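In order, the protein sequence lines correspond to chains U and E. Count along the first sequence starting at 1, add 189, and that's the number in this note's numbering. Count along the second sequence starting at 1, add 189, and that's the number in this note's numbering. Here is the structure we will look at, set down as structure tokens.
There are 2 protein chains.
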Amino acid sequence: MSNVLAKAQDAKNASVKLATLTTEQKNMALNAIADAVWRNRLPIMHANKKDLTETERLLSKGEIKEAVIQRLKLDTAKITDIVEMIRSVAGLDDPIGKTQYAVELDDGLELYRVSSPIGVVGVVFESRPDALPQIASLCLKSGNAVLMKGGSEAKYSNEALFKIIKDASEDADVPEGWIQLLESRDDVARLLELNNHVNLIIPRGSNRFVEYIMSHTKIPVLGHSEGVCHIYIDRDADVDKAVEVCLDSKIQYPSVCNALDAILVHKDIAGVFLPRMVGKYSEAGVEVRGCSRTVALLGDAVKRASKSDWGYEYLDYKVAVKVVDSYDEAINHINGYGSHHTDAIMTEDTETAMTFMKSVDSASVFWNASTRFSDGYRYGLGAEVGISTGKIHARGPTGLEGLTIYKYYLVGSGQIVASYVGENAKKFTHKKLDKGWLEGIKR
Amino acid sequence: MSNVLAKAQDAKNASVKLATLTTEQKNMALNAIADAVWRNRLPIMHANKKDLTETERLLSKGEIKEAVIQRLKLDTAKITDIVEMIRSVAGLDDPIGKTQYAVELDDGLELYRVSSPIGVVGVVFESRPDALPQIASLCLKSGNAVLMKGGSEAKYSNEALFKIIKDASEDADVPEGWIQLLESRDDVARLLELNNHVNLIIPRGSNRFVEYIMSHTKIPVLGHSEGVCHIYIDRDADVDKAVEVCLDSKIQYPSVCNALDAILVHKDIAGVFLPRMVGKYSEAGVEVRGCSRTVALLGDAVKRASKSDWGYEYLDYKVAVKVVDSYDEAINHINGYGSHHTDAIMTEDTETAMTFMKSVDSASVFWNASTRFSDGYRYGLGAEVGISTGKIHARGPTGLEGLTIYKYYLVGSGQIVASYVGENAKKFTHKKLDKGWLEGIKR
Numbered sequence: 190m191s192n193v194l195a196k197a198q199d200a201k202n203a204s205v206k207l208a209t210l211t212t213e214q215k216n217m218a219l220n221a222i223a224d225a226v227w228r229n230r231l232p233i234m235h236a237n238k239k240d241l242t243e244t245e246r247l248l249s250k251g252e253i254k255e256a257v258i259q260r261l262k263l264d265t266a267k268i269t270d271i272v273e274m275i276r277s278v279a280g281l282d283d284p285i286g287k288t289q290y291a292v293e294l295d296d297g298l299e300l301y302r303v304s305s306p307i308g309v310v311g312v313v314f315e316s317r318p319d320a321l322p323q324i325a326s327l328c329l330k331s332g333n334a335v336l337m338k339g340g341s342e343a344k345y346s347n348e349a350l351f352k353i354i355k356d357a358s359e360d361a362d363v364p365e366g367w368i369q370l371l372e373s374r375d376d377v378a379r380l381l382e383l384n385n386h387v388n389l390i391i392p393r394g395s396n397r398f399v400e401y402i403m404s405h406t407k408i409p410v411l412g413h414s415e416g417v418c419h420i421y422i423d424r425d426a427d428v429d430k431a432v433e434v435c436l437d438s439k440i441q442y443p444s445v446c447n448a449l450d451a452i453l454v455h456k457d458i459a460g461v462f463l464p465r466m467v468g469k470y471s472e473a474g475v476e477v478r479g480c481s482r483t484v485a486l487l488g489d490a491v492k493r494a495s496k497s498d499w500g501y502e503y504l505d506y507k508v509a510v511k512v513v514d515s516y517d518e519a520i521n522h523i524n525g526y527g528s529h530h531t532d533a534i535m536t537e538d539t540e541t542a543m544t545f546m547k548s549v550d551s552a553s554v555f556w557n558a559s560t561r562f563s564d565g566y567r568y569g570l571g572a573e574v575g576i577s578t579g580k581i582h583a584r585g586p587t588g589l590e591g592l593t594i595y596k597y598y599l600v601g602s603g604q605i606v607a608s609y610v611g612e613n614a615k616k617f618t619h620k621k622l623d624k625g626w627l628e629g630i631k632r
Numbered sequence: 190m191s192n193v194l195a196k197a198q199d200a201k202n203a204s205v206k207l208a209t210l211t212t213e214q215k216n217m218a219l220n221a222i223a224d225a226v227w228r229n230r231l232p233i234m235h236a237n238k239k240d241l242t243e244t245e246r247l248l249s250k251g252e253i254k255e256a257v258i259q260r261l262k263l264d265t266a267k268i269t270d271i272v273e274m275i276r277s278v279a280g281l282d283d284p285i286g287k288t289q290y291a292v293e294l295d296d297g298l299e300l301y302r303v304s305s306p307i308g309v310v311g312v313v314f315e316s317r318p319d320a321l322p323q324i325a326s327l328c329l330k331s332g333n334a335v336l337m338k339g340g341s342e343a344k345y346s347n348e349a350l351f352k353i354i355k356d357a358s359e360d361a362d363v364p365e366g367w368i369q370l371l372e373s374r375d376d377v378a379r380l381l382e383l384n385n386h387v388n389l390i391i392p393r394g395s396n397r398f399v400e401y402i403m404s405h406t407k408i409p410v411l412g413h414s415e416g417v418c419h420i421y422i423d424r425d426a427d428v429d430k431a432v433e434v435c436l437d438s439k440i441q442y443p444s445v446c447n448a449l450d451a452i453l454v455h456k457d458i459a460g461v462f463l464p465r466m467v468g469k470y471s472e473a474g475v476e477v478r479g480c481s482r483t484v485a486l487l488g489d490a491v492k493r494a495s496k497s498d499w500g501y502e503y504l505d506y507k508v509a510v511k512v513v514d515s516y517d518e519a520i521n522h523i524n525g526y527g528s529h530h531t532d533a534i535m536t537e538d539t540e541t542a543m544t545f546m547k548s549v550d551s552a553s554v555f556w557n558a559s560t561r562f563s564d565g566y567r568y569g570l571g572a573e574v575g576i577s578t579g580k581i582h583a584r585g586p587t588g589l590e591g592l593t594i595y596k597y598y599l600v601g602s603g604q605i606v607a608s609y610v611g612e613n614a615k616k617f618t619h620k621k622l623d624k625g626w627l628e629g630i631k632r
């Protein structure tokens, strides 16, 4: 187990040098990794074969689902995708070294706030062999050292990919030790204790798993608990649009966090909207669970919702429906039962939309659009590091920026604080500067 | 104790409406608070008198220090300062509602990332009656509800100020319950458990206190552990500047976190720099604790440092000195023994300065300037919420921005995700937009 401490120490040491790499050095290393993955596609597929053999044994015993095999399998097409993904990360804007704030404190005394790597990141992820190269690429691009633990079904594939990435990057002058692979659940438990070495934990996987991580570490967690998503159909909604959006939000991909779980309908429009909506859901095989007023309106076409239906993430062809008296009731229901992930309003009234969006305390608030748009790729964030349901540091779909923090660079020529206090104190100018930190330093 | 839960629930309810207040509403409320504090200066000083009487009793028993009385005492001048501080917060830029990212996903489907309040903030602070109005003003300006617990020596002053601020703000239409006062240490222990109601804890006070908070809550903490500050005197330093900066960093105000604790000197300049530096320190009454090479150079003028001197925050007229062989050794020493607060280099060589600043993993890295500049006011951040030694969310001196997060507003006209997948899929345009979210919504 102290093996994990040694790995974390190595990663921490490497992180110091990693923070000094230029964009060109990082991109060259990423391209070298892409080349190496492609060059080694046969050994990678060979390792993956070993994982598949073992996993098929479990499948035959009924211990896992067929979908696991599909996710696990690496063929030439998937390796091509991986190689392209790594090259696309090389093509992204460098999130490090950006001047966020530049101010002259006094003549010749200049302050720059500059985006910087966080340091050492621990990532625990699902059994998808493409996850490892994706995480490694994003961490390298953002100058962070990384400790990774992948799903055990992908053990051999991950080992092969890890070794290739490690060797190719270190050959390309990325500091030795920047990438580390953990091997067991015990390793993860140990990782969670290393709050002096690890600056951020990113867990990927089931809600239960993420909550386990969150309650077992002092290290900040960028994690995602669940997505209980609502759509409120306002009195002033366009019914055609509302039906289309609620259908898409539910059935376009029901097993994911941004799928719809509950519809709240204003009482004045329920009589028009609900019969059409429930007809559409019925055609699509969606079970509707309604409140008493919904049942009164639609009778046998819906099941009666129980208390546990409110605030429940179905991940399935099921949806809850509640008739409300006002948008205030809808807002309170969402803030009380929701999970602060993604919630939408359907209305043609700008003021109502505005109040709803300001008042609903969710990472993503939508007006007249499907909840399924809530996703880093669709948001144009380039690459998704994760989805955060926290309200500190990063919220919602999180791109490379979520792997950065900043530091303050103060550039002087011998200034002392005593000159700025007491009688005859010099005054701070606090004049915004129109230049970046590199220009400021290489003056 | 469940009293605290009720207060937190009230604060959470208020936070929803607080997030919808306009800048004008918040500023009007702040000015109303300033007026009310001034109008009630006599009752405030009367309450303060009760605190002083009690505290003087403790002083006479030797249980507290004289400085506590000085910090505690409110007179007309201090109340004038408080009133001016509140008005200055009204004058600050509103940190909420700023568009950080605006992108068209497709024609008529626009995404805006907008700065938003965090929600409910818990602040535990020292016995300074001016702290309460400062924290309340900053939270109101940033649209956050706040649960506050002040030092017990200021109990009556805090109760008086709290009531005045609560009444004046609620009269000015700030949602009832947005501000709450906790009363005991038990209340604080209960607060730390309320991770479903409280989004951020800001502890102010001693290192030990902050560390206690950090290790007793799942709620994210914006806190500040300690400041072990270093200055590295490079081979290419200007000795005059180096002596001045090291003197100021140590003696300008030795009892604070950004005061100097250890000097690292390059061996090639130690023979010139150290005798002059130690002479100056000796005049100023600073005790120097040197490594073996320092002692060899200076003899009886310095004490021999023990192992515990490295990485120690003196908060006193003491400083450790170590001779190093290279700037690499200095960087490693600082990253190993420092507290990632503020560290400086004295050199005339740009490349060395650059490498040092990139490699030292501290919130503030200085080149040729006193460590004492590390402070939100001097940085021009307007008002300091706290100093963070964490690397997530906020780092270093933290202004109002540290009390904000963001949310994503997606504005559509009935778009569904199904249109963007499969055959004939529409493509996302991901075109940067040149407008703010309000303009986008009120189209």
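A virtual CB, placed ideally from N, CA and C, is assigned to each residue, including glycine. Note that the structure is a prediction, hence the values are computed from the model and not measured.
Residue-level contact to chain E via CB, residue i, 9 Å cutoff
{"i": "U/M190", "result": "For U/M190, the pLDDT reaches just 45, beneath the cut-off of 50, and the residue's location in the model is therefore unreliable, although a value from the coordinates is still provided. It does not; no Cβ of chain E falls within 9 Å."}
{"i": "U/V510", "result": "no"}
{"i": "U/N229", "result": "no"}
{"i": "U/V278", "result": "no"}
{"i": "U/Y597", "result": "yes"}
{"i": "U/A542", "result": "yes"}
{"i": "U/H619", "result": "yes"}
{"i": "U/K624", "result": "no"}
{"i": "U/S515", "result": "no"}
{"i": "U/S158", "result": "Within the shown structure, residues of chain U are numbered from 190 to 632, placing residue 158 of chain U beyond reach of any answer."}
{"i": "U/A203", "result": "no"}
{"i": "U/G311", "result": "no"}
Residues that residue i bridges to, as DSSP identifies them
{"i": "U/F555", "result": "U/A533 and E/L599"}
{"i": "E/A509", "result": "E/A451 and E/R478"}
{"i": "U/K492", "result": "U/R478"}
{"i": "U/K621", "result": "U/V292"}
{"i": "U/T211", "result": "Answer is none; U/T211 lacks a bridge partner."}
{"i": "U/Q198", "result": "Its beta-bridge partners do not exist; DSSP assigns none."}
First and last residue of the uninterrupted beta strand (DSSP E) at residue i
{"i": "E/Y501", "result": "That residue, E/Y501, is in no beta strand (DSSP E); it is neither H nor E in DSSP."}
{"i": "U/S577", "result": "G575 to S577"}
{"i": "E/G611", "result": "From DSSP, E/G611 is part of no beta strand (DSSP E); its letter is neither H nor E."}
{"i": "U/L586", "result": "Here the sequence assigns Pro to residue 586 of chain U, which means Leu is not the residue at that position. It spans G585 to T587 - the beta strand (DSSP E) in which U/P586 sits, taken as one unbroken run."}
Range of the contiguous alpha helix (DSSP H) that encloses residue i
{"i": "U/P232", "result": "R230 to S249"}
{"i": "U/S563", "result": "From DSSP, U/S563 is part of no alpha helix (DSSP H); its letter is neither H nor E."}
{"i": "U/P443", "result": "Per DSSP, U/P443 belongs to no alpha helix (DSSP H) and is neither H nor E."}
Any chain U beta carbon closer than 9 Å to residue i
{"i": "E/K215", "result": "no"}
{"i": "E/S548", "result": "yes"}
{"i": "E/T536", "result": "no"}
{"i": "E/E342", "result": "no"}
{"i": "E/T212", "result": "no"}
{"i": "E/D429", "result": "yes"}
{"i": "E/L298", "result": "yes"}
{"i": "E/N613", "result": "no"}
{"i": "E/L336", "result": "no"}
Any residues in the stretch 556 to 585 of chain E with a beta carbon nearer than 7 Å to a beta carbon of chain U? Which ones, in chain order?
W556, N557, A558, S559, R561, F562, R567, Y568, G569, K580, I581, H582, R584 and G585
Contact list for the stretch 451 to 470 of chain U against chain E, Cβ threshold 8 Å:
none
Scan the stretch 254 to 300 of chain U and note each continuous alpha helix (DSSP H) run of 4 residues or more that stays entirely inside, going in chain order.
255 to 261 and 265 to 280
Scan the stretch 309 to 359 of chain E and note each continuous beta strand (DSSP E) run of 3 residues or more that stays entirely inside, going in chain order.
Here the runs fully enclosed are 309 to 313 and 334 to 338.
Relative to chain E, which residues along the stretch 386 to 402 of chain U have a C-beta separation below 8 Å, given in chain order?
N388 and L389
Whole beta strand (DSSP E) elements within the stretch 362 to 427 of chain E, 3-residue minimum
368 to 370, 389 to 392 and 418 to 422
When you check each C-beta in the stretch 352 to 367 of chain U against every C-beta of chain E, which residues fall closer than 8 Å?
Those residues of the stretch 352 to 367 of chain U that come within reach of chain E (Cβ to Cβ, closer than 8 Å) do not exist; the list is empty.
Using a Cβ-Cβ cutoff of 7 Å, what residues of the stretch 270 to 294 of chain E are near chain U? List them in chain order.
V292 and L294
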